[in-house]
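Engineer: Pasting a structure here, questions to come.
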Amino acid sequence: MMTARVNGEDARCIDALDRGLQFGDGLFETLALDRGAPRFIDWHIERLADGARRLGIPLPDAALLRGEIAAAAPAERAVVKLILTRGAGERGYRPPRHPQPTRIVLGFPWPAWHASAWTDGVRVAWCRTRLGSNPGLAGIKHLNRLEQVLARREWDDEAVAEGLMMDAEDRVISGTQTNLFASIAGRWITPALDRCGVAGVMRRAFMAWSAEQGETVIERPLPAAELAAAAGLVLTNALIGAWPVRELAGRAYAVDPRADRFNAWVGRQ
Numbered sequence: 047m048m049t050a051r052v053n054g055e056d057a058r059c060i061d062a063l064d065r066g067l068q069f070g071d072g073l074f075e076t077l078a079l080d081r082g083a084p085r086f087i088d089w090h091i092e093r094l095a096d097g098a099r100r101l102g103i104p105l106p107d108a109a110l111l112r113g114e115i116a117a118a119a120p121a122e123r124a125v126v127k128l129i130l131t132r133g134a135g136e137r138g139y140r141p142p143r144h145p146q147p148t149r150i151v152l153g154f155p156w157p158a159w160h161a162s163a164w165t166d167g168v169r170v171a172w173c174r175t176r177l178g179s180n181p182g183l184a185g186i187k188h189l190n191r192l193e194q195v196l197a198r199r200e201w202d203d204e205a206v207a208e209g210l211m212m213d214a215e216d217r218v219i220s221g222t223q224t225n226l227f228a229s230i231a232g233r234w235i236t237p238a239l240d241r242c243g244v245a246g247v248m249r250r251a252f253m254a255w256s257a258e259q260g261e262t263v264i265e266r267p268l269p270a271a272e273l274a275a276a277a278g279l280v281l282t283n284a285l286i287g288a289w290p291v292r293e294l295a296g297r298a299y300a301v302d303p304r305a306d307r308f309n310a311w312v313g314r315q
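Residue numbers (my numbering): 47 to 315.
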């Protein structure tokens, strides 16, 4: 069962002039609800607020957003997607002087992933589609996701769980819907996201958990060639928590046990 609300009302339709539809002028958050509670909701709201500030979109009241997120859940365990657009506008790129944002909140059943993704690790491929550099949009979860859409079209093999994307300079940035952590020379490395990519909430959680374990995560440019020297790879996002990688483009990796320990930590939050 799916639920859909637009500006607090049960609906599946929006104004044809909505700028989110016309230009991708907006932001979104995807949240995991566990036992009816949105996981890491404070961090999701913080990221949404940062994106709204950077795009110049008025942010609705946080209490209103929290209430709509909770009300959208179709079950105790579910996925909720919150979309915030600049609202309707006239023809052309120029934003309205006094925007009236549109809130769309969607509730979905929990995905039916196989348990082996967490226990045995996942297979990952390289994507040909590259991520363009744009520091002004880097880090935020804006609605313009055509690069990820094109990358996800590149494979139709159910045995491949994710594809890694690079920028134009052969630096790995992320998966199509995940962040990457690589264990290199005994330290966690995660790609710097100052030019492109999304700073995931679960990426933030993995870094916080690692700090609790006394392990510092280094954020820096990560040439794709360096992954050949990695002892292990881990993918994170808001829904999966962490998946260890067992194979990348035919190269085998040991399943890093820290992914399982991190997932246990997430389950206690």
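The C-beta atom is built at its ideal place from N, Cα and C for all residues, glycine as well. Note that the structure is predicted; figures quoted are calculated from it, not measured.
Which value, in whole angstroms, describes the spacing of the CA atoms of residue 155 and residue 83?
Structural biologist: Computed Cα separation, rounded: 14 angstroms.
Engineer: Assuming residue 76 and residue 285 make a contact with CB atoms under 8 angstroms, what is their CB distance in whole Å?
Structural biologist: Their Cβ separation, rounded to whole angstroms, is 7 angstroms, which keeps residue 76 and residue 285 in contact under 8 angstroms.
Engineer: Please report the straight-line C-alpha distance between residue 101 and residue 164, rounded to a whole angstrom.
Structural biologist: Roughly 36 angstroms separates the two Cα atoms.
Engineer: Within this structure, are the beta carbons of residue 181 and residue 147 separated by less than 8 angstroms?
Structural biologist: The answer is no: Cβ separation not under 8 angstroms.
Engineer: For residue 52 versus residue 150, is the C-beta spacing smaller than 8 angstroms?
Structural biologist: A contact, by the Cβ cut-off of 8 angstroms.
Engineer: Quick check on residue 162: buried or exposed, where buried means 16 or more other Cβ atoms within 10 Å of its Cβ?
Structural biologist: So residue 162 ends up on the exposed side.
Engineer: By how many angstroms is the C-alpha of residue 210 removed from the C-alpha of residue 280?
Structural biologist: Near 12 angstroms, if we compare the C-alpha coordinates of residue 210 and residue 280.
Engineer: Which two residues bound the contiguous alpha helix (DSSP H) that contains residue 95?
Structural biologist: Segment 87-101, the alpha helix (DSSP H) holding residue 95.
Engineer: Would you mind stating whether residue 251 and residue 312 have Cβ atoms separated by less than 8 angstroms?
Structural biologist: Result yes, Cβ atoms of residue 251 and residue 312 sit closer than 8 angstroms.
Engineer: Please state whether the Cβ-Cβ distance between residue 189 and residue 74 is less than 8 angstroms.
Structural biologist: Their beta carbons are under 8 angstroms apart, which means residue 189 touches residue 74 by this criterion.
Engineer: Do the CB positions of residue 263 and residue 253 come within less than 8 angstroms of each other?
Structural biologist: Yes, the pair counts as a contact, with Cβ atoms nearer than the cut-off.
Engineer: Assess, as a yes-or-no matter, whether the segment 125-145 is touched by the segment 57-67 under the definition of 3 or more beta carbon pairs within less than 8 angstroms.
Structural biologist: Because the criterion of three Cβ pairs below 8 angstroms is met, the segment 57-67 and the segment 125-145 touch.
Engineer: Which whole runs of the beta strand (DSSP E) in the segment 118-188 are 3 residues long or more, in chain order?
Structural biologist: Complete beta strand (DSSP E) runs here, min 3: 124-131, 148-155 and 168-172.
Engineer: With H, G and I counted as helix, E and B as strand and the rest as coil, what does DSSP make of residue 113?
Structural biologist: Reduced to three states, the DSSP call for residue 113 is helix.
Engineer: Check for me: the beta strand (DSSP E) holding residue 283 runs from which residue to which?
Structural biologist: Its beta strand (DSSP E) spans residues 278-283.
Engineer: Leaving out five residues on either side along the sequence, give the residues of the same chain with a beta carbon under 8 angstroms from the beta carbon of residue 298.
Structural biologist: Answer for residue 298: 292, listed in chain order.
Engineer: Relative to the alpha-carbon of residue 126, which residue among 79, 203, 276 and 265 has its alpha-carbon at the smallest distance?
Structural biologist: Considering only alpha carbons, the answer is 79.
Engineer: What's the call for residue 192, buried or exposed, on a 16-neighbour Cβ count within 10 Å?
Structural biologist: Exposed.
Engineer: Could you compute how far the alpha carbon of residue 221 sits from the alpha carbon of residue 265?
Structural biologist: Answer to the nearest angstrom: the Cα atoms are 16 angstroms apart.
Engineer: For the segment 191-234, list the beta strand (DSSP E) runs that are entirely contained and at least 3 residues long, ordered along the chain.
Structural biologist: DSSP runs (the beta strand (DSSP E)) wholly in the segment 191-234: 206-212, 218-221 and 225-230.
Engineer: Using a threshold of 8 angstroms, state whether the C-beta atoms of residue 225 and residue 282 are closer than that.
Structural biologist: Yes, they are a contact pair.
Engineer: Can residue 237 and residue 206 be called in contact, C-beta distance under 8 angstroms?
Structural biologist: Contact flag unset, no.
Engineer: Please say whether residue 295 and residue 172 have beta carbons closer to each other than 8 angstroms?
Structural biologist: Going by C-beta atoms, residue 172 is nearer than 8 angstroms to residue 295.
Engineer: Between residue 130 and residue 227, what straight-line distance do the alpha-carbon atoms span, to the nearest angstrom?
Structural biologist: Between residue 130 and residue 227, the C-alpha separation is close to 29 angstroms.
Engineer: Buried or exposed, going by whether 16 or more other CB atoms sit within 10 Å of the CB of residue 241?
Structural biologist: The residue is buried, with at least 16 neighbouring Cβ atoms inside 10 Å.
Engineer: To the nearest angstrom, report how far apart residue 112 and residue 230 are at their CA atoms.
Structural biologist: Each residue's Cα considered, the two are about 39 angstroms apart.
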